[in-house]
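Chains as they are written, first to last, in our numbering: chain A, 1 to 137; chain B, 138 to 275. Backbone N, C-alpha and C fix where the C-beta goes; we use that ideal spot for every residue, glycine too.
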Amino acid sequence: MQIINFTPITALIGGILIGFAVFLFFIFNGRFAGISTIASNVFFEKSKKIDNFLFLLGLVIGPIIYSLFFLEIESEITDSLFIISIGGLLVGLGTRIGNGCTSGHGICGISRFSIRSIVATISFILTGIITVFFLGV
Amino acid sequence: MTKIISLISGFIFGLGLTISGMVNPEKVLGFLNIFGAWDPSLIFVMVGAIGVFSPLFFVFKSRSFSISGEAINLSTNTKVDKNLLLGAGIFGIGWGLVGLCPGPAISSLSFLKTEVFVFVIFMFLGFYLGNQIVKKFN
């Protein structure tokens with residue numbers, strides 16, 4: 001194994017901000033910031049539509065404000081629209097069937113020691129690793 | 138009040154994703170490339186987020202209402218079932234194909250790239266189909 005592009009400090013700072021955001025949403029709004037659920041509910045659930053939409057709007061504004069004050073944001077994505085379509089579809093499908101994603105299970109769930117979320121997180125990291133091993137980079 | 142908090146929470150979350158580099162699919166795929174050239178940064182994002190939220194959660198978890206008066210309903214479902222494993226497994230495959238999960242996908246809309254818009258449209262199609270499947274089989 002070879003380690004590359006490792007950025008522990010910015011990763012930790014970003015993580016702390018995410019944890020703080022999740023706490024705000026919990027203590028003020030009484031909800032867990034699981035993004036797949038929030039995003040799906042904007043379209044497919046009647047209650048809290050505006051709250052959910054505003055959360056997503058905040059997510060979009062985050063990088064915009066960052067880029068106004070700091071360096072350029074690096075982001076490299078595959079240019080194969082076929083892979084992107086399949087990937088997007090599987091991410092949407094899987095997070096609804098499994099009831100959560102990296103934020104809902106990986107952060108909110110693990111923080112409260114939920115067995116379901118710990119199992120889910122191990123599962124999606126494993127299939128992610130297997131996918132990259134056979135098809136990726 | 139819940140509206141302004143939703144916006145602020147989303148904003149701070151998006152800032153965190155940006156600073157940590159998680160809006161870069163290449164970096165996320167680097168984390169999943171554990172048998173190749175590995176980038177362990179994502180672990181530190183998780184540790185930072187859980188390290189902040191977990192202790193605060195346990196301090197405040199006995200509250201029945203949030204500060205804005207919303208009921209706090211903690212899920213009581215503890216069963217690891219087929220749906221959980223199947224769904225998480227499918228999600229991981231999509232995550233490994235592109236390197237985007239729902240949060241970074243939404244945040245990345247700000248870059249105005251066709252690829253990200255296509256990903257998000259198909260992700261919402263997946264949400265719709267997933268919701269239908271869960272409704273049908275439960």
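May I ask which residues mark the beginning and end of the alpha helix (DSSP H) holding residue i?
{"i": "N268/B", "result": "251-274"}
{"i": "E76/A", "result": "First-last for E76/A: undefined, no H or E at that position."}
{"i": "A208/B", "result": "First-last for A208/B: undefined, no H or E at that position."}
{"i": "P177/B", "result": "Per DSSP, P177/B belongs to no alpha helix (DSSP H) and is neither H nor E."}
{"i": "F202/B", "result": "Counting along the chain, F202/B falls outside any alpha helix (DSSP H), and DSSP gives it neither H nor E."}
{"i": "F148/B", "result": "139-156"}
{"i": "V119/A", "result": "115-135"}
{"i": "T37/A", "result": "35-44"}
{"i": "V165/B", "result": "162-169"}
{"i": "K216/B", "result": "Where K216/B is concerned, there is no enclosing alpha helix (DSSP H), given that its DSSP letter is neither H nor E."}
{"i": "F139/A", "result": "The requested residue 139/A does not occur in the structure, where chain A is confined to residues 1 to 137."}
{"i": "I4/A", "result": "From DSSP, I4/A is part of no alpha helix (DSSP H); its letter is neither H nor E."}
Have a look at the options and flag the residue whose alpha-carbon is nearest the alpha-carbon of residue i.
{"i": "G109/A", "options": "G240/B, F172/B, S191/B", "result": "S191/B"}
{"i": "I38/A", "options": "N99/A, A120/A, F20/A", "result": "N99/A"}
{"i": "M183/B", "options": "T131/A, S85/A, S103/A", "result": "S103/A"}
{"i": "I13/A", "options": "G151/B, M138/B, I156/B, S146/B", "result": "I156/B"}
{"i": "S205/B", "options": "V60/A, I77/A, D51/A, I118/A", "result": "D51/A"}
{"i": "L93/A", "options": "T10/A, I18/A, I64/A, S36/A", "result": "S36/A"}
{"i": "I86/A", "options": "F69/A, T131/A, I27/A", "result": "T131/A"}
{"i": "F264/B", "options": "N41/A, E74/A, F32/A, S80/A", "result": "N41/A"}
{"i": "T10/A", "options": "N170/B, E207/B, P177/B, L166/B", "result": "P177/B"}
{"i": "I16/A", "options": "K273/B, L179/B, F274/B, S199/B", "result": "L179/B"}
{"i": "S245/B", "options": "S114/A, S67/A, F32/A, I115/A", "result": "S67/A"}
{"i": "F202/B", "options": "S114/A, F69/A, I27/A", "result": "I27/A"}
{"i": "I171/B", "options": "I4/A, F55/A, G30/A", "result": "I4/A"}
{"i": "I115/A", "options": "T213/B, K198/B, R200/B, K273/B", "result": "T213/B"}
Work out the CA separation of residue j and residue i for me, nearest whole Å.
{"i": "F134/A", "j": "I122/A", "result": "18 Å"}
{"i": "F168/B", "j": "L262/B", "result": "27 Å"}
{"i": "E163/B", "j": "F256/B", "result": "15 Å"}
{"i": "Q2/A", "j": "I129/A", "result": "15 Å"}
{"i": "T215/B", "j": "T251/B", "result": "40 Å"}
{"i": "K48/A", "j": "G173/B", "result": "43 Å"}
{"i": "I145/B", "j": "V189/B", "result": "17 Å"}
{"i": "W232/B", "j": "E45/A", "result": "24 Å"}
{"i": "T7/A", "j": "F248/B", "result": "22 Å"}
{"i": "E76/A", "j": "N161/B", "result": "6 Å"}
{"i": "G226/B", "j": "F181/B", "result": "23 Å"}
{"i": "F43/A", "j": "Q269/B", "result": "13 Å"}
{"i": "G106/A", "j": "G224/B", "result": "14 Å"}
{"i": "F194/B", "j": "F23/A", "result": "7 Å"}
{"i": "I258/B", "j": "G136/A", "result": "22 Å"}
{"i": "D79/A", "j": "A208/B", "result": "44 Å"}
{"i": "V165/B", "j": "K140/B", "result": "31 Å"}
Less than 8 Å between the C-beta atoms of residue i and residue j, yes or no?
{"i": "P241/B", "j": "M260/B", "result": "no"}
{"i": "I142/B", "j": "F25/A", "result": "yes"}
{"i": "R96/A", "j": "V217/B", "result": "no"}
{"i": "F281/B", "j": "G62/A", "result": "For residue 281/B there is no data in the structure shown, the boundaries of chain B being 138 and 275."}
{"i": "I187/B", "j": "S111/A", "result": "yes"}
{"i": "A21/A", "j": "G153/B", "result": "yes"}
{"i": "F148/B", "j": "G58/A", "result": "yes"}
{"i": "V196/B", "j": "I83/A", "result": "no"}
{"i": "L126/A", "j": "G229/B", "result": "yes"}
{"i": "A120/A", "j": "L211/B", "result": "no"}
{"i": "V60/A", "j": "I243/B", "result": "yes"}
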